[in-house]
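Residue numbers (the numbering used here): 44 to 598.
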C-alpha cells in the first residue's frame with residue numbers, strides 16, 4: 044500500500060471530482076456540496092483519546108493514523124478526521140502534528156506549515172475584528188442605545204499562530220492621537236481564538252456568519268455587550284473564511300483518506316477537528332476515527348460535552364492511548380528517566396489509567412486501551428499493563444504503528460472494529476457530565492469532581508463576577524470549556540498520578556458566545572504559550588532538495 048493521487052483518495056470516499064478543489068497535487072479542499080449526498084457507509088464514530096501525556100506527547104495522532112491504516116488493510120472503510128497542526132507546537136516543544144515513523148500524513152511538511160492557509164485566514168479574520176473594534180474606539184462610534192465602546196472594557200484581543208510569551212500583555216494605541224486610543228490588550232495563539240472554535244463548530248456558511256456575529260468584544264459605556272455584528276465585522280470575517288470552512292483532504296502514507304480540518308487546542312480550547320469534516324466522514328465511511336486533544340480529561344470530555352452535544356452524535360467506542368513512559372511518569376518516575384524500566388513506577392501509574400477508565404464508564408462508552416509501543420519498551424512491562432487491564436475486564440492491545448505502519452496496528456484495528464460493530468443494535472446512549480440549564484458554577488464543579496476527581500473548586504472573586512455577568516447576559520445555558528494543564532488531572536502540572544484531596548482554582552471565565560461555550564481558566568493556564576528553552580525551531584532546516592528537515596521529532 045502506498046500514496047495515490049488526491050482525486051483517487053476522494054473517489055475512495057465516494058466524493059465526486061466536481062466537489063474536489065485541488066491545492067497542488069497532493070491536497071485538496073472539499074466543497075460543502077459533498078455533504079448533501081446520501082450516506083455511503085455505516086458511519087460508526089470512534090473517538091481516540093489518551094491518558095495525561097508527558098510534555099512530548101504519547102503518540103495519539105500516530106496511533107489514530109495507524110488505526111485507520113490497519114482498518115484499511117482489513118478492507119474496512121475507515122475515514123480519519125484530525126486537527127490541523129499549529130505552528131506554536133511545531134516550533135515549540137512537540138514538533139509536527141502529522142504522526143510519526145511509518146504512520147504519518149502526507150504531505151507532512153505542507154500540513155505542518157501553511158497547509159491550505161486555513162489558520163492564516165482564521166488569524167486574519169480574528170484580527171480584522173480587532174482592527175474594527177479599535178477603529179470604533181478611535182472614532183467613538185455609537186451603537187444605538189448601547190452607546191460607544193468603553194475602551195477599558197474591551198475583551199477581544201488579537202491572534203497569532205506562534206508561541207510568543209512577550210505578547211501576552213501589550214499596550215496598543217500609543218503615540219499620537221491619530222494612532223488610536225491607548226489601552227491594554229493581549230495576543231492569543233490562533234488555536235485558542237474563538238474564531239478557530241467557530242470554524243470547528245459551524246455547520247455551514249450561514250451558521251458561520253451567525254456565530255461570528257454573536258462574538259462579544261466587550262462592553263459599551265452604558266454597560267451593554269457589544270458584538271461583532273454591532274461593529275459590522277461578521278460579514279467581512281465570513282468572506283475571509285470562505286475557503287477555510289471547507290474540509291481539507293489529504294492521505295496517510297499508505298494512501299488512506301484523511302480529513303484534516305480546524306485546530307483548536309484542547310488545553311485552552313475545545314480540542315476537536317471540525318463538525319463539517321466529521322459529518323463528511325460519517326457520510327463516507329463505515330468507521331470514522333477522530334482524536335480529541337491531550338488526555339480524556341480535556342479533549343475527550345469536551346468532545347462529548349461540547350462537540351457531540353452540538354452535532355447530535357455520540358461515539359460507538361473509545362480508544363484510550365497509553366504509553367509505558369507516561370504511566371511511569373504518573374507513578375513518580377522523573378520524565379527524563381521514564382523510558383527506563385521501572386516496574387514499580389509503572390504499577391503505581393496504572394491508578395492514573397484507572398481514573399480515565401472510570402470517566403469513560405461514566406459516559407457508558409466501550410473502551411479499547413491502545414498501548415503505543417516504543418522501541419525501548421520491555422516485554423515484561425507491556426505484559427504488566429495487559430494483565431492489569433485483563434483483571435479490570437478491559438481489552439488492551441499493543442500498537443506498533445510508528446515502527447510498522449498499518450501492519451503494526453492490525454490487532455488494534457480488529458479490536459476496535461469488533462467493539463464498534465457490537466454496538467450496532469444498541470449504540471451507546473448520549474450522556475453528559477452536566478445539564479445545560481444548570482448554573483455555570485455547578486457545571487464547572489461537576490466536571491472537576493467527575494472527570495478530574497477533585498474535592499471541589501475555588502472560584503476567585505473575578506471568576507465569580509464573570510459567572511454572574513455571563514448569566515445576566517442570558518448565556519448561562521452554554522457548555523463549559525475548561526482551560527487546564529494537560530499534564531495532570533488537577534490544575535497543577537506537577538501533581539501526577541491519580542491525585543486526591545485537591546481543589547481546582549478557577550481564576551477567570553470568558554464568554555465565547557459565538558462558539559457557544561464559556562471558557563473557565565484554571566491554575567496558571569495562558570492562552571498564549573511561550574517557547575521552551577530549546578525550541579524545536581532550532582532543528583528545522585530547508586534542504587537543497589526543497590525538503591524540510593526537523594519538523595518531526597524523529598527527523
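Ideal placement from N, C-alpha and C gives every residue a C-beta, glycine not left out. In this text, all values refer to a predicted model and were calculated from it rather than measured experimentally.
Strand pairing of residue i, partner residues [DSSP]
i, result
"residue 295", "148"
"residue 415", "442"
"residue 65", "71"
"residue 201", "230"
"residue 502", "549"
"residue 334", "91"
"residue 410", "361"
"residue 523", "561"
"residue 268", "262"
Alpha-carbon spacing of residue i relative to residue j, whole angstroms
i, j, result
"residue 354", "residue 510", "26 Å"
"residue 259", "residue 159", "28 Å"
"residue 432", "residue 394", "11 Å"
"residue 303", "residue 384", "36 Å"
"residue 128", "residue 95", "19 Å"
"residue 162", "residue 124", "17 Å"
"residue 75", "residue 311", "28 Å"
"residue 453", "residue 490", "35 Å"
"residue 276", "residue 234", "20 Å"
"residue 547", "residue 493", "12 Å"
"residue 305", "residue 554", "20 Å"
"residue 122", "residue 55", "10 Å"
"residue 292", "residue 219", "48 Å"
"residue 104", "residue 142", "5 Å"
"residue 264", "residue 189", "8 Å"
"residue 417", "residue 457", "21 Å"
"residue 374", "residue 543", "14 Å"
"residue 467", "residue 473", "15 Å"
"residue 52", "residue 327", "12 Å"
"residue 77", "residue 231", "33 Å"
"residue 516", "residue 115", "49 Å"
Assigned exposure category for residue i - 16 Cβ within 10 Å defines buried
i, result
"residue 592", "exposed"
"residue 295", "buried"
"residue 87", "buried"
"residue 62", "buried"
"residue 214", "exposed"
"residue 529", "buried"
"residue 101", "buried"
"residue 399", "buried"
"residue 262", "buried"
"residue 182", "exposed"
"residue 461", "exposed"
"residue 157", "exposed"
"residue 485", "exposed"
Reduced DSSP secondary structure (H/G/I, E/B, other) of residue i
i, result
"residue 345", "helix"
"residue 551", "strand"
"residue 230", "strand"
"residue 300", "strand"
"residue 477", "coil"
"residue 248", "helix"
"residue 173", "helix"
"residue 122", "strand"
"residue 239", "helix"
"residue 107", "helix"
"residue 591", "strand"
"residue 191", "strand"
"residue 543", "coil"
"residue 79", "helix"
"residue 224", "coil"
First through last residue of the beta strand (DSSP E) which encompasses residue i
i, result
"residue 569", "From DSSP, residue 569 is part of no beta strand (DSSP E); its letter is neither H nor E."
"residue 87", "87 to 93"
"residue 365", "360 to 365"
"residue 263", "259 to 263"
Host alpha helix (DSSP H) of residue i (start-end)
i, result
"residue 210", "Taken as a continuous stretch (DSSP letters only), residue 210 belongs to no alpha helix (DSSP H), as it is neither H nor E."
"residue 131", "130 to 134"
"residue 394", "386 to 405"
"residue 424", "422 to 435"
"residue 327", "318 to 327"
"residue 455", "453 to 464"
"residue 50", "49 to 55"
"residue 483", "483 to 490"
"residue 274", "271 to 274"
"residue 381", "It is not in any alpha helix (DSSP H) - residue 381 carries neither H nor E in the DSSP assignment."
"residue 586", "Taken as a continuous stretch (DSSP letters only), residue 586 belongs to no alpha helix (DSSP H), as it is neither H nor E."
"residue 280", "277 to 283"
Cutoff 7 Å: residue i Cβ touching any chain C Cβ
i, result
"residue 263", "Although the question refers to chain C, the structure presented lacks it and comprises just one protein chain."
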